[in-house]
Amino acid sequence: MTAPYLVELKNITKRFPGVVANDGVDFNVRKGEIHVLLGENGSGKSTLMSVLAGLYRPDKGEIVVDGTRRVFRSPRDAIKAGIGMIHQHFKLIDSLTVAENVILGDDSTPPVLRLQDIQRKLEELSKKYGLHINPSSMVWQLSLGEKQRVEIVKMLYRGSRVLVLDEPTAVLTPQETHELFHILREMAKAGRGIVLITHKMQEVMEIADRVTVLRRGKVVATLTREQINRRELAWLMVGRDVVIQYKKKGSPGNKKVLEVDNVHCLSDLGRPCLKGVSFTVHSGEIFGIAGVAGNGQRELAEVITGLRPVTGGKIMIDGIDTTGLSPRQIIDRRVAYVPDDRLGTGLVPGLSAVDNFMLKSYRQSVLRRGPLLNKRAAYQNSRELVKQFEIQISSLDAPVKLMSGGNLQRLLLAREITSEPLLLVAVYPIRGLDIKATQSVHNILLQQRDKGVAILLISEDLDELFKLSDRIGVIYDGRITGIMPAEMTDVEEVGLLMMGSAGTGEMAT
Ligand SMILES: Nc1ncnc2c1ncn2[C@@H]1O[C@H](COP(=O)(O)OP(=O)(O)O)[C@@H](O)[C@H]1O
Ligand SMILES: [Mg+2]
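Each position in the sequence shown, counted from 1, maps to that position plus 15 in my numbering.
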């Protein structure tokens, strides 16, 4: 039986200066299927789909739509051929309505079509696929999940038969992801072809009819649903076995290292941001904070590390009141900080690795000789850290901005950890890292935990939180909506708390 292909990519090669992003790739989409494109960061997924969507011209290879060879000179050509792509960053205009956004830039809609007719058609599509979109809502009023559904309805309206979604779940809560998957399923049932790009194994297991794995720009396998298993996929993706479970040694101590007591603070815009946050982190404990980004996580890390003023409540570190102390004074209380912007607050991009290491350790006596820094000791020390933390680096003197995300994160952790902290505050530590770098960062955190360091882990990745945390607290709209031992809760419960709707099962639409 020959399944009809909606589209086929044949032997696609796409080069960028210094890198072959796609190297002779074959990929196809069948009517009615959800085809997952899986691969680590940088494996070439977005590039391949941008070729399909007419954003890039391939250097080699061809695109076949319904059996006919096509050349796309622009996204418009691809859309005309029935291919729609929803990018990682939405391209909507906030000050317009949903319907206005849909017509914008769509030259196929005759100008005589009244907005009302368009609204009616959008309502139909929205109803048919359970998108819950009101065409007359202003875009600025919508949540990220809703904006994504507007992008979907836009493509449906333009008649896309193949829909490509580039890492659509990155911005969604578990419930929104669940809803999205339901919508994708419905669209596939109606005969469209769906391509879902992801680097999350979980999502493959949940939704894929077929999966194609890319590694370094090449297809390593295309598997059907029956052939899929987690371990095999992980192996295909990274080319080596992945140990997914971590082992923790012993249970947390009972010494309170961090006590946050009814803390309030303001946002950058001067509005109430933290609204009475309380929790405690013990020695040898990883306390995870779950939440959709933007609910006060960054501000929480900043009040603890002294970077943002507290407007109410109290923070104690190692039994001493640190409320209102300066960042320097708090560092001296042995607090280490891994912020979410590695190259902003964390490291100085233009300085070398040695200088970045020294930024924080210059006070340590080993590295000082009188008032002058001992350069030799500094280099010696840096070399040891580079080795111990497996940091790949061309030279200790090269500016760190040239390093990859994983290496930067290890550098930052190495520096923070050598200060022998009592408390480590880590914000989104694996953001943008691939499997291997993620694992190595996780191992570093667990080693620290086992050594007795209290760790506050702020993350948007539930998988990470569940693997590492001893307890999980959920933050929503500046409040902690629940604190649970990690083994006594699950993704569903945490997900609901993340949406501020504990236990009601209500979806925010
Ligand atoms: N516009 C571009 N210019 C130069 N290099 C690029 C560009 N887009 C992607 N690359 C490179 O191509 C490779 C594949 O990237 P990408 O397709 O974005 O991977 P993925 O989506 O799987 O993370 C990476 O090495 C990336 O750095
Ligand atoms: Mg990508």
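Even for Gly, the Cβ is constructed at its ideal location relative to N, Cα and C. The model shown is predicted, which means the values in this text are computed figures rather than measured ones.
Taking 8 Å as the cut-off, decide whether the C-beta atoms of residue i and residue j are in contact.
i, j, result
"T28", "D38", "yes"
"D109", "V168", "no"
"R430", "N389", "no"
"I330", "V369", "no"
"L362", "L428", "no"
"R225", "T213", "no"
"F196", "L472", "no"
"T320", "V235", "no"
"V278", "G328", "yes"
"L460", "V489", "no"
"D476", "I450", "no"
"V186", "M100", "no"
"P436", "V468", "yes"
"I49", "L199", "yes"
"I98", "V177", "yes"
"N56", "G447", "yes"
"R343", "S434", "no"
"L358", "P414", "no"
"K263", "D465", "yes"
"Y144", "E201", "yes"
Taking 7 Å as the limit between beta carbons, can you name the residues of its chain near residue i, skipping five residues before and five after?
i, result
"K271", "T295 and H297"
"S380", "Bear in mind that the predicted position of S380 carries a pLDDT of just 47, short of 50, making it too unreliable to give a figure here."
"R323", "C280, E314 and E317"
"Y443", "D355, I473, S474 and E475"
"T338", "V325, K329 and I330"
"T62", "K29, A36, N37 and Y71"
"D121", "R173"
Verify the CB distance criterion: does residue i have a CB-CB separation below 8 Å to chain D?
i, result
"P436", "This model lacks chain D altogether; it includes just one protein chain."
So the candidates are the options; which of them puts its Cα closest to the Cα of residue i?
i, options, result
"F481", "M503, D492 and A236", "M503"
"G528", "V442, L195, R164 and G515", "Here the chain covers residues 16 to 524 and nothing more, so residue 528 does not appear."
"Q190", "K264, G160 and I487", "G160"
"D478", "T337, L284, T326 and G510", "G510"
"D283", "G54, V325, T112 and K162", "V325"
"G265", "I408, G299 and R207", "G299"
"G47", "D492, R246 and A203", "A203"
"Q131", "K143, H147, S151 and D74", "S151"
"R230", "V113, E508 and G59", "G59"
"S141", "L171, A96 and R45", "L171"
Taking DSSP's pairing of strands, which residues face residue i in a bridge?
i, result
"E194", "The partner list for E194 (beta bridge, DSSP) is empty, contrary to what the question assumes."
"A236", "V228"
"A469", "L438"
"C280", "L289"
"Y491", "R494"
"K75", "T28"
"P414", "S367"
"E23", "N43 and V79"
"Y261", "Answer is none; Y261 lacks a bridge partner."
"D333", "The partner list for D333 (beta bridge, DSSP) is empty, contrary to what the question assumes."
"L53", "T213 and V228"
"S110", "In DSSP, S110 forms no bridge with anything."
"K271", "H297"
"G303", "L472 and I487"
"A351", "L439"
"L178", "G99 and I209"
"M153", "T112"
Can you say whether residue i is buried or exposed, counting buried as having 16 or more other CB atoms within 10 angstroms of its CB?
i, result
"S175", "buried"
"N26", "exposed"
"G232", "buried"
"D256", "Only weak support is given to the placement of D256: the predicted model assigns it a pLDDT of 49, under 50, and the question is left unresolved by the model."
"H104", "exposed"
"V34", "exposed"
"P354", "buried"
"P32", "exposed"
"D485", "buried"
"L157", "buried"
"T453", "buried"
"I243", "buried"
"P183", "buried"
"Y261", "exposed"
"Q462", "exposed"
"P500", "exposed"
"G421", "buried"
Within the same chain, show all residues whose beta-carbon is closer than 8 Å to that of residue i, passing over the 5 residues directly before and after it, in chain order.
i, result
"G334", "K271"
"R84", "E77 and I78"
"N116", "L107, I108, V154, V165 and K169"
"S293", "V275, D276, N277, V278, G328 and I495"
Going by beta carbon distance, what residues of the same chain come within less than 6 Å of residue i, once the five residues before and after it are set aside?
i, result
"R494", "K290"
"A93", "A68, G69 and F87"
"V506", "P189 and L477"
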